[in-house]
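Residue numbers (this note's numbering): 16 to 796.
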């Protein structure tokens, strides 16, 4: 077993990308320049690990500040030594995610004036016991306040009016719905508890509660366990608040039970009148989860901290009026089942809908109050999407449909890949979903442009389906479609067309009228004709597919948007840029309504519009559009996100022929954004570096020595980027395999020896792939 000392050392002075995923709402950080191996320090660190498994320890100021800046989804508790207090407060007190600061020092009076200047300081502590007690009490308070919910615009009249927030809300509804359709068994319970044990492996109290859950839990105790101050409450609420798909899937066993328990208890309220409830959710209004409220206003007021108002946050008391006869807002009086007595608790089910009635400031309590009415309004919008999900799950099991949601609607291809590979390892070989698992692993590889791996998995799925299913089964048609896509990507258009037409014949037999999969096959045939440059025939198929999509899908749907994009691209290839631009704009507008704001398709949509403007020589319009989108992106996504970097790269590309210096500034801004992204985006970073190298090559001498001087002067603080750019400019005649292997090996060493900025990591990612390919080429020779 690892010692306390070795456990603590693994958490010291880590870079943001080296820190393990935090599954709770709070991130605890301890900054102390004198942190050492004394028994006192080790004991304090071990006790903090018990409080917060994700706690990080820093003796290096800059490392600590970088980590604090990287936190996006957690609320930070900072313990800081007196020596670092003034410095860290000056540089980080304004960060919204930093909510509580504890000064741990020898001289209380010396640092007392700081409390008048910085309102996030909870206290100044000179002994370990009082510090830990204060941290624990504040953590319990904040965990209660983190129970927030996102609001859905109830005044919108149709799906085409949905805001981007509403699109995310609908996707969350679908994810929860699919989870609730999954089967419950001991394996899903074991998976949940194994994850919890691993996360709390250094917390004896939580491990004891996990053991108790395993030995005593039954489905009729779901509410009792949820209201228990333990691992379930902390991890499940974080998963719901941040829409952590991996955690939600892991907790499906308990989510199903808790939803069912609330629905059963709700039946007991049908004969009661409207309830008036109070809920202090304090800091923010932005998540979808189980909502814990009280019928007693005094209980909620307990959770409002003294002096809670600040420039960043304010406490809010929600007064909720809820009619038990509502159909879609399910809630239950759980006072008799709760482990916490005297709170008069009422628990709302996931994704309940509320209508804002009024907002006002109450001077008596010094808080804002928001009056909400629970409502069924807007539920029909949700039902339209859920009905489509139900129809698709008639052909795909909930297990498979969940992975498809990850990949298609949420754009999380890597997560989908991990999910389907996990299913492949955990499901028995004769499970009815195994063929679909192979098929979707193929889809993941296809999305990554790994065509040979995609083809291999598609063929395995097809062979299994041929043995198990009749020849006119829709899954057979699905396999034919996917194999056809591989041939299309490899340029064998006639073979691809043959597979698509076979699939269409199956669908025509099964569905003489309109069908979603049938529409997709018709669109695929159009894509082949487009690639064969038979644009008029392609448009005929695209418009046929578009009309069918409109008949079977909601008015605003990402599949309709993709079809609009295909039509736009075909007109662009025909040289009809005005028409192409109109269809591209329709696609972007629809995707902005349907997809999460960080979805990769939105960047692709914008790229298409920008490229078309450039071909039309409408550079000013393209730049104006980029500026507009950049402002919106910064508001919605924060300062550092790959979509913002992509927009900056577009702006650079638009002007690099006329103003290379200004273009270089945009590329550097994009690189700076990427350097601060969490997680790191190697693909976009490599694209940015490649674009920079091309820009340098246009304005630099071809002489290698002169090039070295130029590039090192341009990027004097990042030798790795300079070397990478230089490598791209080496004339092809010098690029023999031995030479390139030696250069790349050297660059890998430089990157590894550097402090791992985003660019350096991306370089390592790139050059290792090149190195592997070069080595293979050499061996083949």
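Positions of the beta carbon are idealized from the N, C-alpha and C atoms, including for glycine. Only a predicted model underlies this, so the values are computations on that prediction, with no experimental measurement involved.
(message) With the cut-off set at 9 Å, would you say residue 455 and residue 422 are in Cβ contact?
(response) Here residue 455 refers to the residue found at position 440 of the chain shown. Here residue 422 refers to the residue found at position 407 of the chain shown. Yes. Within cutoff.
(message) Let's see if you can read the secondary structure: which residues bound the beta strand (DSSP E) around residue 132?
(response) Taking the chain shown and counting its residues from 1, the one referred to as residue 132 is at position 117. Unbroken run through residue 132 is the alpha helix (DSSP H), 129-132; no beta strand (DSSP E).
(message) So for residue 82, helix, strand or coil by DSSP?
(response) As a position in the chain shown, residue 82 is number 67, starting the count at 1. Helix, per DSSP.
(message) Whole angstroms are fine: how far does the CA of residue 545 sit from the CA of residue 515?
(response) Taking the chain shown and counting its residues from 1, the one referred to as residue 515 is at position 500. Taking the chain shown and counting its residues from 1, the one referred to as residue 545 is at position 530. Taking the straight line from one Cα to the other gives about 14 Å.
(message) Which residue marks the beginning of the beta strand (DSSP E) containing residue 528, and which one marks its end?
(response) Numbered from 1 along the chain shown, position 513 holds the residue referred to as residue 528. Element bounds for residue 528: n/a, residue is neither H nor E.
(message) Could you check whether residue 28 and residue 73 sit closer than 9 Å to each other, using their CB atoms as the reference points?
(response) For the purposes of this step, residue 73 is identified with residue 58 of the chain shown, where counting begins at 1. For the purposes of this step, residue 28 is identified with residue 13 of the chain shown, where counting begins at 1. Yes, they are a contact pair.
(request) Can you grab the Cα-Cα spacing for the pair residue 598 / residue 556, in whole Å? (result) Looking up residue 598 in the chain shown gives position 583. Looking up residue 556 in the chain shown gives position 541. Whole-angstrom Cα-Cα distance: 16 Å.
(request) Put residue 64 into one of helix, strand or coil per three-state DSSP. (result) For this step, residue 64 is matched to residue 49 along the chain shown. It is helical.
(request) For residue 115, name the three-state secondary structure that DSSP assigns. (result) Locating residue 115 in the chain shown gives position 100, where the first residue counts as 1. Strand.
(request) Taking all protein chains shown into account, decide if residue 193 is buried (16 or more other Cβ within 10 angstroms of its Cβ) or exposed. (result) Here residue 193 is taken as the residue at index 178 of the chain shown, counted from 1. By the 10 Å Cβ count, residue 193 comes out buried.
(request) Let me know if residue 40 comes out buried or exposed under the rule of 16 or more other beta-carbons within 10 Å of its beta-carbon. (result) In the chain shown, the residue the question calls residue 40 occupies position 25. Its Cβ being crowded by 16 or more others within 10 Å, residue 40 is buried.
(request) Measure the alpha-carbon distance for residue 265 versus residue 231 and round it to whole angstroms. (result) As a position in the chain shown, residue 265 is number 250, starting the count at 1. As a position in the chain shown, residue 231 is number 216, starting the count at 1. Cα to Cα, the separation comes out at about 20 Å.
(message) Just to confirm, is the Cβ distance from residue 606 to residue 573 under 9 Å?
(response) Within the chain shown, the letter at position 591 stands for residue 606. Within the chain shown, the letter at position 558 stands for residue 573. Contact: yes.
(message) Using the Cβ count rule (16 or more neighbours within 10 Å means buried), how would you classify residue 26?
(response) For the purposes of this step, residue 26 is taken as residue 11 along the chain shown, with counting starting at 1. Per the 10 Å Cβ criterion, buried.
(request) Indicate whether residue 113 and residue 64 have their beta-carbon atoms separated by less than 9 Å. (result) Counted from its first residue, the chain shown places residue 113 at position 98. Counted from its first residue, the chain shown places residue 64 at position 49. Cβ distance not < 9 Å, so residue 113 and residue 64 don't count as in contact.
(request) Taking 8 Å as the threshold, find out whether the segment 634-645 comes into contact with the segment 662-669 through three or more Cβ pairs. (result) yes
(request) Could you check the C-alpha separation between residue 254 and residue 270 for me, to the nearest Å? (result) Your numbering for residue 254 matches position 239 in the chain shown. Your numbering for residue 270 matches position 255 in the chain shown. In a straight line, the C-alpha of residue 254 is about 11 Å away from that of residue 270.
(message) Could you tell me the alpha carbon to alpha carbon distance between residue 276 and residue 195, rounded to whole angstroms?
(response) To locate residue 276, count along the chain shown from 1; it is residue 261. To locate residue 195, count along the chain shown from 1; it is residue 180. Residue 276 and residue 195: Cα-Cα distance of roughly 13 Å.
(request) Provide the residue span of the beta strand (DSSP E) that contains residue 351, from first to last. (result) As a first step, residue 351 is located in the chain shown; it is residue number 336 there, counting from the start. It is not in any beta strand (DSSP E) - residue 351 carries neither H nor E in the DSSP assignment.
(request) Entirely within the segment 175-247 and at least 4 residues each: give me those alpha helix (DSSP H) ranges in chain order. (result) 179-196, 201-214, 219-231 and 237-241
(message) Distance check for residue 371 and residue 437, CA to CA, integer angstroms please.
(response) Counted from its first residue, the chain shown places residue 437 at position 422. Counted from its first residue, the chain shown places residue 371 at position 356. Rounded to the nearest angstrom, the two C-alpha atoms are 42 Å apart.
(message) Using 8 Å as the cut-off, can you tell me whether the segment 84-103 makes contact with the segment 115-123, which would need three or more C-beta pairs spanning the two stretches below that distance?
(response) yes
(request) Please report the residue range of the alpha helix (DSSP H) in which residue 334 lies. (result) The residue you call residue 334 lines up with position 319 of the chain shown. First-last for residue 334: 331-337, but that is the beta strand (DSSP E), not the alpha helix (DSSP H).
(message) Do residue 385 and residue 373 have their beta-carbon atoms positioned less than 9 Å apart in this structure?
(response) Taking the first residue of the chain shown as position 1, residue 373 is located at position 358. Taking the first residue of the chain shown as position 1, residue 385 is located at position 370. Yes, they are a contact pair.
(request) Determine the burial state of residue 614: buried for a count of at least 16 other Cβ atoms within 10 Å of its Cβ, exposed for fewer. (result) Translated into the one-based positions of the chain shown, residue 614 becomes position 599. Classification of residue 614: buried, given that the 10 Å Cβ count is 16 or more.
(request) Measure from the alpha carbon of residue 46 to the alpha carbon of each residue in 104, 474, 602 and 263, then state which is nearest. (result) Translated into the one-based positions of the chain shown, residue 46 becomes position 31. The shortest Cα separation from residue 46 among 104, 474, 602 and 263 belongs to 104.
(message) Spatial neighbours of residue 141 within its chain, please: C-beta separation below 7 Å, excluding the five flanking residues on both sides.
(response) To locate residue 141, count along the chain shown from 1; it is residue 126. If we look at residue 141 and ignore the five residues flanking it on each side, its Cβ neighbours are 120, 121 and 123.
(request) Could you please give the first and the last residue of the uninterrupted alpha helix (DSSP H) stretch that includes residue 141? (result) Counting from one through the chain shown, the residue named residue 141 turns up at place 126. Premise fails: residue 141 is in no alpha helix (DSSP H) and is neither H nor E.
(request) Go through the segment 632-707 residue by residue and report every complete run of the alpha helix (DSSP H) that reaches 4 residues or more, in order. (result) 634-652, 657-670 and 675-690
(message) residue 345 and residue 333 - do their beta-carbons sit closer together than 9 Å?
(response) As a first step, residue 333 is located in the chain shown; it is residue number 318 there, counting from the start. As a first step, residue 345 is located in the chain shown; it is residue number 330 there, counting from the start. No. Outside cutoff.
(request) Please determine if the segment 646-657 and the segment 667-677 are in contact, where contact requires at least 3 C-beta pairs separated by less than 8 Å. (result) no
(request) Provide the residue span of the beta strand (DSSP E) that contains residue 373, from first to last. (result) Position 358 of the chain shown, counted from the first residue, corresponds to residue 373. Start and end: 369-377.
(request) Enumerate in chain order the residues of its own chain whose CB-to-CB distance from residue 311 is below 6 Å, with the five nearest sequence positions on each side excluded. (result) Here the question's residue 311 lines up with position 296 in the chain shown. Contacts found: 359.
(request) Tell me whether residue 60 is buried or exposed, calling it buried when 16 or more other Cβ atoms sit within 10 Å of its Cβ. (result) Numbered from 1 along the chain shown, position 45 holds the residue referred to as residue 60. Residue 60 is buried by the Cβ-count criterion.
(request) Specify, as a first and last residue, the run of the alpha helix (DSSP H) that residue 12 falls within. (result) A query on residue 12 cannot be resolved here, the shown segment of the chain reaching from 16 to 796 and no further.
(request) For residue 308, write down the residues that DSSP places opposite it in a beta bridge. (result) Counting from one through the chain shown, the residue named residue 308 turns up at place 293. Residue 308 pairs with 361.
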